[in-house]
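Quick note, the sequences are listed as chains A and B, same order. Oh and the first sequence: position 46 is 85 in the numbering used here, straight run, nothing missing. Oh and the second sequence: position 266 is 305 in the numbering used here, straight run, nothing missing. Note that CB positions come from ideal geometry on N, CA and C, so glycine has one too.
2 protein chains.
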Amino acid sequence: MAHAPLYSKVPTLADELDIVIPTIRNLDFLEQWRPFFEKYHLIVVQDGDHTRKVGVPEGFDYELYNRKDIERILGDKAWCISFKDSACRCFGYAISKKKYIFTIDDDCFVAKNPSGEDIDALEQHIKNLLTPSTPHFFNTLYDPYTEGADFVRGYPFSLREGAPTAISHGLWLNIPDYDAPTQMVKPRERNVRYVNAVLTIPKGTLFPMCGMNLGFNRDLIGPAMYFGLMGDGQPIGRYDDMWAGWCAKVICDHLGLGVKTGLPYIWHSKASNPFVNLKKEYKGIFWQEDIIPFFQSVKLSKESKTVQECYLELADQVRSGLGKIDPYFDKLANGMQDWIACWDMLNPPAGSSKADKPLPNGTA
Amino acid sequence: MAHAPLYSKVPTLADELDIVIPTIRNLDFLEQWRPFFEKYHLIVVQDGDHTRKVGVPEGFDYELYNRKDIERILGDKAWCISFKDSACRCFGYAISKKKYIFTIDDDCFVAKNPSGEDIDALEQHIKNLLTPSTPHFFNTLYDPYTEGADFVRGYPFSLREGAPTAISHGLWLNIPDYDAPTQMVKPRERNVRYVNAVLTIPKGTLFPMCGMNLGFNRDLIGPAMYFGLMGDGQPIGRYDDMWAGWCAKVICDHLGLGVKTGLPYIWHSKASNPFVNLKKEYKGIFWQEDIIPFFQSVKLSKESKTVQECYLELADQVRSGLGKIDPYFDKLANGMQDWIACWDMLNPPAGSSKADKPLPNGTA
């Protein structure tokens, strides 16, 4: 059977992938990642006080943007990039010139597989992104493109080519990604279960996308990876990645793209403060009860054929469908529109007069 | 948070569960299952030559039905139970008086978990069936009702009660459940990957349901577990469980019931002959290209509130939607109707004048 290549030797994509890291700290966590990350270019998005110097371990190739850089580059549209919230990371997605993005939080470390070996998270994300997804029918042996697996009896042959993979969502050992109420109820729960599987989230199904350990194909889905308006001056936090996940999933479904979840694991070292989290989350906890049905019923028109077109249509629907919940969603719809304007400014279509991207002076 | 009970001590349900085994052999495989199965009642459905004596190891409590028994009990409706095909097992589902069914093939043995311990497959199925499913939103840490797991951040709280679980689909180590073409291309492929997860197949997503290692709640979904017309006199085989899976899944989706897949594993000892399989399957391989889109677009009416009502409505849709592929589907629609008649005869509604079920004289 003609199969997509099984990457037993996975390409590094060193020239095609940027690692985006939002931070308010020093990036000492990179020391542990050195063997896996040092061949890649890093885009560091410094949150909070721009005068603070972010320490980056020696030998890493990086560019760094603080709030002043973002304001200089985006001008009056800089407001759409969140401040004092890790949602600011999406600036890094827009400024990148690469095909693939891997983003990771600075409290995430190298996890070990059950044999005790260090997990090269990035290699697994690359494997996930370079092999197809199966959004149209569930394969009970999980990812059929993994070595030693295939499509099971009863899987339609016409669907075995799969769909291009846009997103690879990785998981976390140790501290699970719980909301504040669950953190409070289960303060000692740790994720110790290593599930050796990658699977496609089926078409039509939403999932909670976490930004801690996330890879995606920028060419396929980049403009949908806006992390919304969170943090300073906003009524909500900790829903940045969720927002991006809901938007990106409905657009992937519309465009016939796949979203995978499962491997790789990273080691999530410290739980954020549940009391602070509750304050950030509580409106989201209410709002998501309306937001989820909204996204479950979103229909994009056939005319929307690019991610940008889909995203702008979605912004209109957010305004009309969610604006009644709270004026915040009007502002968010504006943010979504300005985000696309920023994206297009930083990523002019090939052949346009701005085909050479502006080279914003990063402070690196 | 109010959670469904976590069954760290799983009830055995010895008086509420029947094990259904279709066979043309002796049931020597039960020896290995003795510690796990001997407290349960077995329903053996003998396929093929009814004069052959099926050997059942000492000490098991069982009833056995051969073709003559089925014909005596179902009369002129016996034709809807397949002959010379393991699809005959569904007779056992109808004749059972218990709430739960576990069905297993006689070439399936006890598998070992990664720690080398024997897996009590039935215990895991019971755990799956007694805890809710999550068909409306994907939980990235898989089954949230497992010990050590929960719903992740961003999972709507209103959906955390889950849905009643109707089906528990278990997997297979060693010989994977491949179709004939895949068997031919990969004759040496073995499934050696133990994936430590149970997950819900999302609403709206079809899956290939395998009958080798399968548990279900008869009260919730029993009448939809018809294994179709296969084998002797039929143009198709090896699609019995697939047919039941497609029908049961759309009915579960319509009725708000859940379907889980993943753990437990059994050890599947021998691959069936791929040449024989190809002969049985090849029409199915073509037909499923139309059958899958059909099931993906099936809509059941609000008036269909019981499994029987749903199933009869589905039979009508099969006739009108698939009858044009081949006259076989007309016959299958008739079979579906007669199956429901058999089910209702053997399982008269409580309070009806036939509330005492007929006691068919099994040959046990």
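Interface residue (Cβ-Cβ distance to chain B less than 7 Å): V337(A) is not classified as such. Remark: three or more beta-carbon pairs, one from each stretch, lie closer than 8 Å, so the segment 194 to 205 of chain B and the segment 170 to 179 of chain B are flagged as touching.
In this structure, the straight-line span from the alpha carbon of P61(B) to that of I165(A) is close to 45 Å. Taking C-beta separations shorter than 7 Å and ignoring five residues to either side along the sequence, the partners of F190(B) in its chain run N178, P183 and R199, following chain order. The continuous alpha helix (DSSP H) containing F325(B) extends over residues P313 to S336. Per DSSP, Y350(B) is one residue of the alpha helix (DSSP H) stretching across V346 to L361. The continuous beta strand (DSSP E) containing Y104(B) extends over residues D100 to Y104. Within the same chain, A126, C129, D279 and A283 come within 6 Å of F266(B) by CB-CB distance, once the 5 residues on both sides are set aside.
When 9 Å is used as the limit between beta carbons, R358(B) is near no residue of chain A, the shortest such separation being about 22 Å. For P195(B), the nearest beta carbon of chain A is closer than 7 Å to its own beta carbon. A straight-line Cα-Cα distance of about 27 Å links K344(A) and W118(A). Residue pairing from DSSP places I60(A) in a beta bridge opposite V83(A). Contact annotation: in the segment 322 to 354 of chain A, residues whose CB is within less than 7 Å of a CB in chain B are I324, Q327, E328 and I331. DSSP places V298(A) in the strand class (E or B) of the three-state scheme. One Cα belongs to L351(B), the other to L268(B), and the distance between them is close to 16 Å. Only residues of its own chain outside the window of five on either side were considered, and among them none has a CB closer than 6 Å to the CB of S154(A). In this structure, F68(B) sits near D145(B), with a CB-CB distance shorter than 7 Å.
Taking a beta-carbon distance threshold of 7 Å, D189(B) counts as an interface residue toward chain A. In the assembly as shown, N312(B) is an exposed residue. Its beta-carbon has fewer than 16 other beta-carbons within 10 Å. Excluding its 5 nearest sequence neighbours in each direction, D271(B) has C-beta neighbours in its own chain below 8 Å: S121, F122, K123 and D124, listed in chain order. Under the three-state reduction of DSSP, S340(B) is assigned to coil, being neither helix nor strand. Annotation: Cβ neighbours of E228(B) in chain A (cutoff 9 Å, chain order): G187, A188 and D189.
When 9 Å is used as the limit between beta carbons, G243(A) is near these residues of chain B: P241, K242, G243 and T244, in chain order. Straight-line spacing of the CA atoms in P74(B) and I58(B) works out to 14 Å. Annotation: Cβ neighbours of H208(B) in chain A (cutoff 8 Å, chain order): T179. Taking C-alpha positions only, V337(A) is separated from A263(A) by approximately 15 Å. Chain B has a Cβ within less than 7 Å of the Cβ of P247(A). Taking a Cβ-Cβ cut-off of 8 Å, the neighbours of N235(B) in chain A comprise R232, Y233, V234 and N235, given in sequence order. Neighbours of R111(A) across chain B, judged by C-beta separation under 8 Å, do not exist; the nearest C-beta is about 33 Å away. A direct Cα-to-Cα measurement between F141(B) and T170(B) gives close to 16 Å.
7 Å or more divides the Cβ of T239(A) from the Cβ of G295(A). At least one CB atom of chain A sits nearer than 7 Å to the CB of D218(B). In the DSSP assignment, Y139(A) falls within the beta strand (DSSP E) that extends over Y139 to I143. In this structure, the straight-line span from the alpha carbon of L56(A) to that of G243(B) is close to 35 Å.
Between the alpha carbons of A380(B) and K322(A) lies a distance of about 53 Å. With fewer than 16 other beta carbons inside 10 angstroms of its own, V231(A) counts as exposed.
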